[in-house]
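**Student:** In this note's numbering, the protein residues as written are 24 to 328.
Next up, the structure:
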């Protein structure tokens, strides 16, 4: 009898999800705005590395020097032996030639995974495609798949996208992105686990089984409430906000962390295939949340193969 051949190491997020024996864990960083901020990013990456993330991603600045810093940061993270890296890519203020150039730079850096999102206009203005560019994320997915051998992920909206304000429309758009070639999705920030499960149910009801990774970020100070509402596109749950505002300021951090820990446990118990933590290039809160989740014997988490 021939001995079984060892499995090759997964090279894409799609392969990780196919082989996973439990939920994936990943971290999102943003590129440094200046050279002086680069050490802050690298310290956060190194501080979170012992937690064993399955992949990390770097957000995308579409214009000039910001795009260059994104590519540079992605190269830096990939080069220092960190886990699989996902490069973000948007349609904002870019021609097809610009997007193709960014993809070639990612490929040169050894990046095999792209998170393809439409992106928002600077200053929050009404969406306007580049005259020589792409109109939406579905077109971007198609473009990336045609341009190279990439595994493509996309955004999923737990709360209605401002342009649609209709969760069923958002689910159909996600289905279109999957039909265009997307292999996984990562949600925008949210604070109610039932909203995530409602999204999954809508998408599954349309016959789509794309893995939907949950996007999370712990709230640690009361001044983050408005910022988080801007990021998620919706008001935070009233009961959660009321509890934070009524608490002693010294207790806000522990309340926010525990809320995120409880969300993680509920999501894992409900079958979420992965959790992505939006780190804001800081490590402490994410370390505390994920350590509490991984140490919970009741979850019996098995990591990916």
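Glycine included, each C-beta is placed from N, C-alpha and C at the ideal position. Since the structure is predicted, the reported quantities are computational estimates derived from the model, not experimental observations.
#1: Check this for me: beta carbons of residue 115 and residue 137, under 8 Å apart or not?
#2: Does the contact criterion of 3 or more C-beta pairs under 8 Å hold for the segment 152-163 versus the segment 124-132?
#3: Just to confirm, are residue 251 and residue 282 a CB contact at a threshold of 8 Å?
#4: If I'm right that residue 74 touches residue 227 with Cβ under 8 Å, what's the distance once you round it to whole angstroms?
#5: Take residue 82 and list the residues in its own chain whose beta-carbon comes closer than 6 Å to its own, dropping the five residues that flank it on each side.
#6: Less than 7 Å between C-beta atoms, sequence neighbours within five positions excluded: which residues of the same chain meet that for residue 171?
#7: Kindly indicate which three-state DSSP category residue 305 falls into: helix, strand or coil?
#8: Near residue 14, what residues of its chain come up, given a Cβ to Cβ distance below 8 Å and the 5 sequence neighbours on each side ignored?
#9: Below 7 Å CB to CB, which residues in the same chain sit around residue 215 once its five sequence neighbours on both sides are set aside?
#10: Compare the Cα-Cα distances from residue 229 to each of 199, 208, 203, 257 and report the closest residue.
#11: Between which two residues does the alpha helix (DSSP H) containing residue 240 stretch?
#12: With a threshold of 7 Å on Cβ separation, who are the neighbours of residue 135 within its own chain once the five nearest residues in sequence on each side are excluded?
#13: Could you work out which residue in 140, 246, 183 is closest to residue 222 when comparing CA atoms only?
#14: What residues are listed by DSSP as bridge partners for residue 177?
#15: Thinking C-alpha only, which one of 118, 286, 276, 297 is nearest residue 307?
#16: Helix, strand or coil for residue 60 per DSSP?
#17: Just mark residue 206 as buried or exposed, buried being the case when its beta carbon has 16 or more other beta carbons within 10 Å.
#18: Once you ignore the five residues that flank residue 64 on each side, which residues in its own chain have a CB closer than 7 Å to its CB?
#19: How about residue 47 and residue 297: are their beta carbons less than 8 Å apart?
**Tutor:** Reading from the atomic positions:
#1: Taking the chain shown and counting its residues from 1, the one referred to as residue 115 is at position 92. Taking the chain shown and counting its residues from 1, the one referred to as residue 137 is at position 114. For residue 115 and residue 137, no; Cβs fall outside 8 Å.
#2: no
#3: One-based indexing of the chain shown puts residue 251 at position 228. One-based indexing of the chain shown puts residue 282 at position 259. Against a cut-off of 8 Å, the Cβ pair of residue 282 and residue 251 comes out as no contact.
#4: Counted from its first residue, the chain shown places residue 74 at position 51. Counted from its first residue, the chain shown places residue 227 at position 204. That belief does not hold up - the Cβ atoms of residue 74 and residue 227 are roughly 30 Å apart, past 8 Å.
#5: Along the chain shown, read from residue 1 onward, the residue named residue 82 stands at position 59. Answer for residue 82: 53, 111, listed in chain order.
#6: By one-based count along the chain shown, residue 171 stands at place 148. For residue 171, where only same-chain residues beyond five positions count, the Cβ hits under 7 Å are 126, 130.
#7: The residue you call residue 305 lines up with position 282 of the chain shown. In this structure, residue 305 counts as coil in the three-state DSSP scheme.
#8: Residue coverage of the chain in this structure runs from 24 to 328, which leaves residue 14 outside it and unanswerable.
#9: Position 192 of the chain shown, counted from the start, is the residue given in the question as residue 215. Here the set comprises 260.
#10: To locate residue 229, count along the chain shown from 1; it is residue 206. When each option's Cα is compared against that of residue 229, the closest is 199.
#11: To locate residue 240, count along the chain shown from 1; it is residue 217. Counting along the chain, residue 240 falls outside any alpha helix (DSSP H), and DSSP gives it neither H nor E.
#12: Your numbering for residue 135 matches position 112 in the chain shown. 34, 35, 173, 174, listed in sequence order.
#13: Taking the chain shown and counting its residues from 1, one reaches residue 222 at position 199. The residue with the shortest Cα to Cα distance from residue 222 is 183.
#14: Counting from 1 along the chain shown, the entry for residue 177 is found at position 154. Residue 177 is bridged to 139, 208.
#15: In the chain shown, counting from the first residue as 1, residue 307 sits at position 284. If we check each option's Cα against that of residue 307, 276 comes out closest.
#16: By one-based count along the chain shown, residue 60 stands at place 37. DSSP places residue 60 in helix when its eight states are reduced to three.
#17: Along the chain shown, read from residue 1 onward, the residue named residue 206 stands at position 183. Buried, since its Cβ has 16 or more Cβ neighbours within 10 Å.
#18: To locate residue 64, count along the chain shown from 1; it is residue 41. Answer for residue 64: 52, 55, 96, 304, listed in chain order.
#19: By 1-based counting over the chain shown, the position of residue 47 is 24. By 1-based counting over the chain shown, the position of residue 297 is 274. Yes, these two residues count as a Cβ contact at 8 Å.
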